[in-house]
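Student: Before we start, here is the structure in question, set down as structure tokens.
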Amino acid sequence: MPSSLANLKKLEMLNVSFNSISCLPESYSSLTNLKQIYLNNNKFKEFPKQLLGLTNIEVVDLSNNKLTEVPNGMSTFFAAELNLSQNEISSLGEDLHQAPRLKILRLDENCLSLDSITPSLLRDSKIHTITIDGNLFESKQLTSLEGYNEYSERYTTIKKKMF
Numbered sequence: 150m151p152s153s154l155a156n157l158k159k160l161e162m163l164n165v166s167f168n169s170i171s172c173l174p175e176s177y178s179s180l181t182n183l184k185q186i187y188l189n190n191n192k193f194k195e196f197p198k199q200l201l202g203l204t205n206i207e208v209v210d211l212s213n214n215k216l217t218e219v220p221n222g223m224s225t226f227f228a229a230e231l232n233l234s235q236n237e238i239s240s241l242g243e244d245l246h247q248a249p250r251l252k253i254l255r256l257d258e259n260c261l262s263l264d265s266i267t268p269s270l271l272r273d274s275k276i277h278t279i280t281i282d283g284n285l286f287e288s289k290q291l292t293s294l295e296g297y298n299e300y301s302e303r304y305t306t307i308k309k310k311m312f
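With the numbering used here applied, the sequence shown covers 150 to 312.
The following block contains the structure:
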């Protein structure tokens, strides 16, 4: 990917899906007006650290890549929606619950076990929608986890606002 794209300071949406990309240039951390980035159906093996600290980011789609983990450092990840479905993720960063605006987390079809969903993710985050079908446990097992009641209250509150 050309690093010269980082010169587009007013860029708000970038869609580079289906391009066999495996990493982003370091300069992309300067895309401070970026609101949406679509990196799905590529070859990312690691979460792009360039997305951390982008304060205007709202939607990040990294679905259908080769990611194996969500790294620590997510307390500086500002997106409201993160799609990590169809990867190979088996672990979630300890501070994922500290992502300040994360409300929708899509983790369908990964390699997560039930114990990779921490109580703090359910209890202490702002997440109101987690999708987890197609992992190493049944999604209904989530209800047995510590913190599920707090998550369920956020989910219910959002659903009520929609109607």
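Every residue, glycine too, gets a C-beta built ideally from N, C-alpha and C.
Does Glu-258 pass the burial test, meaning 16 or more other C-beta atoms within 10 Å, or should it be called exposed?
Tutor: Counting from 1 along the sequence shown, the entry for residue 258 is found at position 109. By the neighbour-count rule (16 or more Cβ atoms within 10 Å), Glu-258 is buried.
Student: In this structure, does DSSP put Asp-210 in helix, strand or coil?
Tutor: Within the sequence shown, residue 210 is the residue found at index 61, counting from 1. Looking at Asp-210 - three-state DSSP - the assignment turns out to be strand.
Student: Grouping DSSP H, G and I as helix and E and B as strand, with all else coil, what is Leu-183?
Tutor: Taking the first residue of the sequence shown as 1, we reach residue 183 at position 34. The answer is coil: DSSP assigns Leu-183 none of H, G, I, E or B.
Student: For Asn-175, which residues in the same chain have their Cβ closer than 8 Å to its Cβ, ignoring the five residues on either side in sequence?
Tutor: In the sequence shown, the residue the question calls residue 175 occupies position 26. What sits at residue 175 in the sequence shown is Glu, not Asn. These residues qualify, in order along the chain: Ser-152 and Gln-199.
Student: Would you mind sorting Ser-262 into buried or exposed? The rule is 16 or more other CB atoms within 10 Å of its CB.
Tutor: Residue 262 sits at position 113 when you count from the first residue of the sequence shown. Flag for Ser-262 reads exposed.
Student: Going by alpha carbons, who is nearest to Thr-292 out of Ser-301, Leu-160 and Thr-181?
Tutor: Locating residue 292 in the sequence shown gives position 143, where the first residue counts as 1. Nearest option by C-alpha distance: Ser-301.
Student: Within the same chain, show all residues whose beta-carbon is closer than 7 Å to that of Glu-299, passing over the 5 residues directly before and after it, in chain order.
Tutor: Looking up residue 299 in the sequence shown gives position 150. Around Glu-299: Leu-271 and Arg-272.
Student: Once you ignore the five residues that flank Asp-210 on each side, which residues in its own chain have a CB closer than 6 Å to its CB?
Tutor: The count along the sequence shown starts at 1 and reaches residue 210 at position 61. So the list reads Tyr-187, Asn-189 and Asn-232, once near-sequence residues are dropped.
Student: If you count every other CB in all the chains shown that lies within 10 Å of the CB of Asn-168, and 16 or more means buried, which is it?
Tutor: On the sequence shown, residue 168 is found 19 positions in, with the first residue counted as 1. The residue is exposed, with fewer than 16 neighbouring Cβ atoms inside 10 Å.
Student: Leaving aside the five residues before and after Pro-197 along the sequence, list all residues of the same chain whose C-beta is less than 6 Å from its C-beta, in chain order.
Tutor: In the sequence shown, counting from the first residue as 1, residue 197 sits at position 48. These residues qualify, in order along the chain: Leu-173.
Student: Tell me whether Gln-247 is buried or exposed, calling it buried when 16 or more other Cβ atoms sit within 10 Å of its Cβ.
Tutor: Locating residue 247 in the sequence shown gives position 98, where the first residue counts as 1. By the 10 Å Cβ count, Gln-247 comes out buried.
Student: Leu-256 and Ile-238 look like a contact to me (Cβ under 8 Å); what is the Cβ gap, rounded to whole Å?
Tutor: As a first step, residue 256 must be located in the sequence shown, where it is residue number 107. As a first step, residue 238 must be located in the sequence shown, where it is residue number 89. Contact flag correct, Cβ pair sits at about 7 Å.
Student: Starting from Thr-317, trace the alpha helix (DSSP H) both ways and give me its first and last residue.
Tutor: Past the boundaries of the shown model lies residue 317; the chain is included only from 150 to 312, so the question cannot be answered.
Student: When the Cα of Phe-193 is compared with those of Gln-235, Tyr-297 and Met-162, which residue comes out closest?
Tutor: Position 44 of the sequence shown, counted from the first residue, corresponds to residue 193. Nearest of Gln-235, Tyr-297 and Met-162 to Phe-193, Cα basis: Gln-235.
Student: Along the chain, where does the beta strand (DSSP E) containing Leu-254 start, and where does it finish?
Tutor: Position 105 of the sequence shown, counting from 1, holds the residue named residue 254. Residues 253 to 255.
Student: Would the beta-carbon of Ile-206 fall within 7 Å of that of Leu-241?
Tutor: Here residue 206 is taken as the residue at index 57 of the sequence shown, counted from 1. Here residue 241 is taken as the residue at index 92 of the sequence shown, counted from 1. Taking 7 Å as the Cβ cut-off, Ile-206 and Leu-241 do not qualify as a contacting pair.
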